[in-house]
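Novice: Going down the list, the sequences are from chains H and R. Per numbering that gives the first Met the number 0, the very first residue in the first sequence carries number 0; after that it's consecutive. Per numbering that gives the first Met the number 0, the very first residue in the second sequence carries number 0; after that it's consecutive. Backbone N, C-alpha and C fix where the C-beta goes; we use that ideal spot for every residue, glycine too. Pasting a structure below so you can have a look.
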Amino acid sequence: MATEIVAIAERAILEPCGLIPQDIEKVVARLAGSDIDDADVYLQSSHYESWSLEDGIVKEGSYGIEQGAGLRAVSGEKTGFAYSDELALPVLLEAAGNARSIARGGQAGRIAVSGVQPVPRLYAPVDPLASLPAEAKIDLLRSLDAEARRADPRVEQVFVSLSGGYSSVLIFGLDGAMHGDVRPLVRLNVSVIVEAGGRREQGSAGGGGRTDYGFFFERDRALGYAREAVRQALVNLEAGDAPAGTMTVVLGPGWPGILLHEAIGHGLEGDFNRKGTSAFSGRVGERVASPLCTVVDDGTLPNRRGSLSIDDEGTPTRRTVLIEDGILKGYMQDRLNARLMGAAPTGNGRRESYQCLPMPRMTNTYMLPGEHAPEEIIASVAKGLYARNFGGGQVDITSGKFVFSASEAYLIEGGRITRPVRGATLIGNGPDVLTRVSMVGNDLELDPGVGTCGKDGQSVPVGVGQPTLKIDGLTVGGTRV
Amino acid sequence: MSDTRTELERLESLTRLCLEEAARQGASAAEVACSADQGLSLTVRLGAVETIEHHRSQGVGITVYYGQRKGSASTTDLSERALTDTVGAACRIARYGAEDPCAGLPEAELLAKDIPDLDLYHPWTLDAEQGIELALACENAARGHSDAITNSEGASLNAFEGVRVLGNSLGFLHGYASSRHSLSCSVIGERDGNMQRDDWWTVARDPAELESAEAVGRKAAERTVRRLGARGLSTRQCPVLFAADVASSLIGHLIAAIRGGNLYRKSSFLLDALGQRIFPEFVHIHERPHLLRGLGSAPYDAEGVATRDRDLVRDGVLESYVLSTYSARKLGLQTTGNAGGVHNLIVAPGQEDCDTLIRRMGTGLIVTELLGQGVNIVTGDYSRGAAGYWVENGEIRFPVEEITIAGNLRDMFGHVVAIGNDVDLRGNIRTGSILIESMTVAGD
Chain H
0 MATEIVAIAE RAILEPCGLI PQDIEKVVAR LAGSDIDDAD VYLQSSHYES
50 WSLEDGIVKE GSYGIEQGAG LRAVSGEKTG FAYSDELALP VLLEAAGNAR
100 SIARGGQAGR IAVSGVQPVP RLYAPVDPLA SLPAEAKIDL LRSLDAEARR
150 ADPRVEQVFV SLSGGYSSVL IFGLDGAMHG DVRPLVRLNV SVIVEAGGRR
200 EQGSAGGGGR TDYGFFFERD RALGYAREAV RQALVNLEAG DAPAGTMTVV
250 LGPGWPGILL HEAIGHGLEG DFNRKGTSAF SGRVGERVAS PLCTVVDDGT
300 LPNRRGSLSI DDEGTPTRRT VLIEDGILKG YMQDRLNARL MGAAPTGNGR
350 RESYQCLPMP RMTNTYMLPG EHAPEEIIAS VAKGLYARNF GGGQVDITSG
400 KFVFSASEAY LIEGGRITRP VRGATLIGNG PDVLTRVSMV GNDLELDPGV
450 GTCGKDGQSV PVGVGQPTLK IDGLTVGGTR V
Chain R
0 MSDTRTELER LESLTRLCLE EAARQGASAA EVACSADQGL SLTVRLGAVE
50 TIEHHRSQGV GITVYYGQRK GSASTTDLSE RALTDTVGAA CRIARYGAED
100 PCAGLPEAEL LAKDIPDLDL YHPWTLDAEQ GIELALACEN AARGHSDAIT
150 NSEGASLNAF EGVRVLGNSL GFLHGYASSR HSLSCSVIGE RDGNMQRDDW
200 WTVARDPAEL ESAEAVGRKA AERTVRRLGA RGLSTRQCPV LFAADVASSL
250 IGHLIAAIRG GNLYRKSSFL LDALGQRIFP EFVHIHERPH LLRGLGSAPY
300 DAEGVATRDR DLVRDGVLES YVLSTYSARK LGLQTTGNAG GVHNLIVAPG
350 QEDCDTLIRR MGTGLIVTEL LGQGVNIVTG DYSRGAAGYW VENGEIRFPV
400 EEITIAGNLR DMFGHVVAIG NDVDLRGNIR TGSILIESMT VAGD
């Protein structure tokens, strides 16, 4: 617990602009009023960088600064919002006036900052950009290029990208509370093109988290990404046509947990359920998965990409049980939807930046482990597909139909993994796909820290995870009938 | 923006300041892009206001070169101190970058000289109250259309305008104002406990060219209602007709495959396809960057290179790639004025309307929605989630969902049977419906 984090955020955001917390009180007071149910001022100051390598040289680097304030006033189900790139009191007061024009009632009096709220410390307030000299960042990229090329002579092209960001936020609410957070985030990715006999395939791997660049040097993690990218590309070089049709599918552990994110996660976000537009609306207490399945959303895992000490409305994140032993338990909420549904906020109110309104979003969504060894699960399948790695996915919340696309997959024949097959999209129905889970592995893994979720045009970093899962019947979109 | 002239002058002077600062810090060349935008977005749902958002943002992006070494930086803070720091950050990065013989500004003679007025700026002078009325009219038209419409995601209105300035150390300094407005509606229908959602939207540079609020609402409702009762389909191979609004995604994949960046990285299934027949002979694709009020129109590209009309595909043969200065140099070619993307890509329409194409298909699948990103540009492998309608003997039989369609883009392009005249004008890629001879449909 530390109020020191808030002090760091204050120094990063307010001080350079000559502002003090009492100035922001005036802005909150401008937002407040007799018919205003909720209001906040979200201040952000971020800087980020990226470096990329191709053709064996680091040819691109960029640096960016993003700062501003988002101001929101909520009256009933109505939200007024304005933002400013300029952190100056007159500009913020004008923006507050615009945001509160949503409501007609008179304005309230003063708001006093009642106290700095302590912040759980899930990650250190370290600036990744400053954690490594530029020369060392470039050396890291070059070493991965060398490692990928060393791994196999069929490697034709290597692309490496490294990015880091450091974001300070301050949130002032109607209740006078002042919340702050300081959020580092790093990401490294290696992708390769391999070529043999006129055929070209790609592979990619990466990871990251809320920490500094030192993460990539622990246990040769970065070199591991290079080797993994090459391994995947070489597997695809041998891949035959994927099957088409409904069959038993075994999903590997870790990143294939994108299944949970798409199939059930989005459908359990509070906004869709308040509006009754989700295929899961009104189904709390009903069976939506086999008794083997318990799924949680947990924003409190230290240093994970999807974690936050507090969400973007100042609510501490927590572990929310979404499905317990197959029964739907609850939704993920931000303040607005929680209030309108008579529920408690769950720390899932997130926004891409001060330029966007917060809404219910996932953090780290994963399934708890079961009791089967992964080998046992494979051995139980006479004929099916084993999908080990995935690209992205998408869901239609209302119909419940979701897809996710395998980038590394194999046929299972007679209880054994036999041949690799080309990538294919898998499609299913969210509310019933988990009812067909017949075996859950004991090998829970979280993804390596690569996920980004898009909703209404806003991107936020997220995590997923799961143990090996067997699903009795999922449609595989290959070409071979 | 009450006064675009003043705003242009403000951004031009910021651009000059950054270029001078880059030179002062020792850069041998530089490019600066400045923008300022403002807008109003609002949403109504179930007859009441849900959100009103006031947008006002600005930003500067700076690229500097030290000989053949490059660095970039950007900021949303346009104070003089922040701009100086941002130029400094770009310069520091450039010093660490490697020498790249292809790096640098475009050839001076390719930069746009006469800047055509493309009539892109039509501010929408409406206040929040008027916007709310329009959005309400739109949603009401949808909800009143059919009893099967049981819920709504609302109607949204967006009115945006902005000014963009681009300058470089070769003396290029130009800017222009543009606007973009849209109205959309998304409603939900229910039958037998199953819900379906669909939407419709209209977008234009000039608000006078938007479809009426009532038409947008009605189409959203019609599209939702016709999806009710959707069922699966068994696995099969059959012809597939991509409705015009999803057919543009196929052309988007073509663009990705002939983009310079993917070509020099050998990350495309169309490597060395220049001059080859990749579509049947009746397929022609043109780029028309100077269409008045066009959504993709631009007098010059993201580097200041003059844009011009050209053919990408003529008689089915690939005539040109999509190149920026850098990717062109990597390939030993000249830029095509496509830094930042294509500008109004037009697939020449055929003679038949969509109903005629459905009859011509006979038995097969109409795809009206695609899900997911299952497209591999390196190999051309294509596998995406889909929803649409099953057609038998030239007539729509029932809506379908929870299926995938799969094939390889190279085969799909080579087996285009027909292109409709039902062109969707709402985007940067304009095409009618596209009928493909055969794909694999996977289902239950």
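Under a CB-based cut-off of 8 Å, is H/Gln231 close to chain R?
Specialist: So, not an interface residue.
Novice: Give the residues of chain R in contact with H/Gly244, contact being defined as C-beta atoms less than 7 Å apart.
Specialist: Under the 7 Å cutoff, chain R gives Thr234 and Ala441.
Novice: Please state the DSSP three-state secondary structure of R/Trp199.
Specialist: R/Trp199 falls in the strand class under three-state DSSP.
Novice: Go through its chain and collect everything with a Cβ distance to H/Met0's Cβ below 8 Å, but skip five positions before and after it.
Specialist: Because the pLDDT of H/Met0 is 46, which lies under 50, any placement of that residue in the model is unreliable, and the number read from its coordinates should be weighed accordingly. Correct list, in chain order: Pro117, Val118, Pro119 and Arg120.
Novice: In chain H, which residues lie with their C-beta within 8 Å of the C-beta of R/Asn150?
Specialist: Per Cβ cutoff of 8 Å: Lys274, Gly275 and Thr276.
Novice: Please confirm whether H/Phe80 has its beta-carbon closer than 8 Å to some beta-carbon of chain R.
Specialist: Cβ-Cβ to chain R under 8 Å: yes for H/Phe80.
Novice: Curious, which full-length beta strand (DSSP E) runs of at least 3 residues does the stretch 45-87 of chain H contain?
Specialist: You should have 56-74 and 77-83.
Novice: Among R/Val86, R/Ser27, R/Phe268 and R/Glu49, which one has its Cα closest to the Cα of R/Arg409?
Specialist: Nearest option by C-alpha distance: R/Phe268.
Novice: With DSSP run on the structure shown, which of helix, strand or coil describes H/Gly485?
Specialist: Since the first and last residues shown for chain H are 0 and 480, residue 485 of chain H lies out of range.
Novice: Using a Cβ-Cβ cut-off of 8 Å, state whether R/Leu408 counts as contacting chain H.
Specialist: By this cut-off, R/Leu408 is not an interface position.
Novice: Within the continuous beta strand (DSSP E) that includes H/Lys328, where are the two ends?
Specialist: That residue, H/Lys328, is in no beta strand (DSSP E); it is neither H nor E in DSSP.
Novice: List the residues of chain R that H/Ser51 touches, going by C-beta distances under 9 Å, in chain order.
Specialist: In chain order: nothing, as chain R lies at least about 10 Å away.
Novice: In chain order, what residues of the same chain lie with their CB nearer than 6 Å to the CB of H/Glu227, ignoring the 5 residues before and after it?
Specialist: Cβ within range, chain order: Ala204.
Novice: Measuring straight from C-alpha to C-alpha, what distance separates H/Val125 and H/Gly472?
Specialist: Rounded to the nearest angstrom, the two C-alpha atoms are 46 Å apart.
Novice: Going straight from the alpha carbon of H/Pro430 to that of H/Ile263, what length do you get?
Specialist: Cα to Cα, the separation comes out at about 7 Å.
Novice: So, under 8 Å CB-CB, R/Asn167 and R/Ala21 are touching, yes? Tell me the CB distance rounded to an integer number of Å.
Specialist: About 10 Å separates the two Cβ atoms, so there is no contact after all.
Novice: Under three-state DSSP, which class holds R/Thr439?
Specialist: Note: R/Thr439 maps to strand in three-state DSSP.
Novice: Run through DSSP, which three-state label would H/Met0 get?
Specialist: For H/Met0, the predicted model reports a pLDDT of 46, less than 50, meaning its position is unreliable and no value from the coordinates is stated.
Novice: From R/Ile114, R/Met194, R/Arg425 and R/Ala301, pick the residue whose C-alpha is nearest to that of R/Ala243; which is it?
Specialist: The shortest C-alpha separation from R/Ala243 is found at R/Arg425.
Novice: In the DSSP assignment, find the unbroken beta strand (DSSP E) run with R/Cys237 in it and report its ends.
Specialist: Counting along the chain, the beta strand (DSSP E) containing R/Cys237 begins and ends at Arg235 to Phe241.
Novice: Would you give the residue range spanned by the alpha helix (DSSP H) that H/Ile411 belongs to?
Specialist: First-last for H/Ile411: Lys400 to Glu412, but that is the beta strand (DSSP E), not the alpha helix (DSSP H).
Novice: Say whether the stretch 199-210 of chain R touches the stretch 403-418 of chain R, bearing in mind that this needs 3 or more beta-carbon pairs closer than 8 Å, one atom from each stretch.
Specialist: No contact exists between the stretch 199-210 of chain R and the stretch 403-418 of chain R.
Novice: Would you call R/Asn392 buried or exposed, if buried means 16 or more other Cβ atoms sit within 10 Å of its Cβ?
Specialist: Exposed: under 16 other Cβ atoms inside 10 Å.
Novice: How far does the beta strand (DSSP E) with R/Thr3 in it extend, from its first residue to its last?
Specialist: Unbroken run through R/Thr3 is the alpha helix (DSSP H), Thr3 to Arg23; no beta strand (DSSP E).
Novice: Please go through the same chain and pick out, in chain order, the residues whose beta-carbon is closer than 6 Å to the beta-carbon of H/Ile137, but skip the five residues on each side of it.
Specialist: These residues qualify, in order along the chain: Val57.
Novice: Could you run through the stretch 393-427 of chain H and flag, in chain order, every residue whose CB is less than 9 Å away from some CB of chain R?
Specialist: Listed by position, the residues of the stretch 393-427 of chain H near chain R (Cβ gap below 9 Å) are Gln393, Val394, Asp395, Ile396, Thr397, Ser398, Gly399, Lys400, Phe401, Val402, Phe403, Ser404, Ala405, Ser406, Arg421, Gly422, Ala423, Thr424, Leu425, Ile426 and Gly427.
Novice: Under 8 Å Cβ to Cβ from H/Ile19, same chain only, skipping five residues before and after it: list those, please.
Specialist: Here the set comprises Leu13.
Novice: Helix, strand or coil for H/Gly264 per DSSP?
Specialist: Helix at H/Gly264.
Novice: When the Cα atoms are used, what is the spatial distance from H/Asp311 to H/Ile7?
Specialist: Taking the straight line from one Cα to the other gives about 17 Å.
Novice: DSSP beta-bridge partners for R/Gly331?
Specialist: DSSP output for R/Gly331 lists no bridge partner at all.
Novice: Apply the 10 Å Cβ neighbour rule to H/Arg387 and answer buried if 16 or more other Cβ atoms are within range, or exposed otherwise.
Specialist: Buried.
Novice: What do you reckon, is the C-beta of R/Asp410 under 7 Å from a heavy atom of the ligand PLP?
Specialist: By its list of ligands, the structure shown contains no ligand whatsoever, and the ligand PLP lies outside what it can speak to.
Novice: Quick test of your reading: H/Ala225 and H/Glu146, contact by CB under 8 Å. State the CB separation rounded to the nearest angstrom.
Specialist: That belief holds up - the Cβ atoms of H/Ala225 and H/Glu146 are roughly 4 Å apart, short of 8 Å.
Novice: Just the Cα atoms here: how many angstroms apart are R/Gly339 and H/Thr467?
Specialist: Rounded to the nearest angstrom, the two C-alpha atoms are 42 Å apart.
Novice: Leaving out the 5 sequence neighbours to the left and right, which residues in its chain are closer than 6 Å to R/Gly431 when beta-carbon positions are compared?
Specialist: Taken in chain order, the residues that qualify are Ala243, Pro348, Ile418, Gly419, Asn420, Asp421 and Val422.
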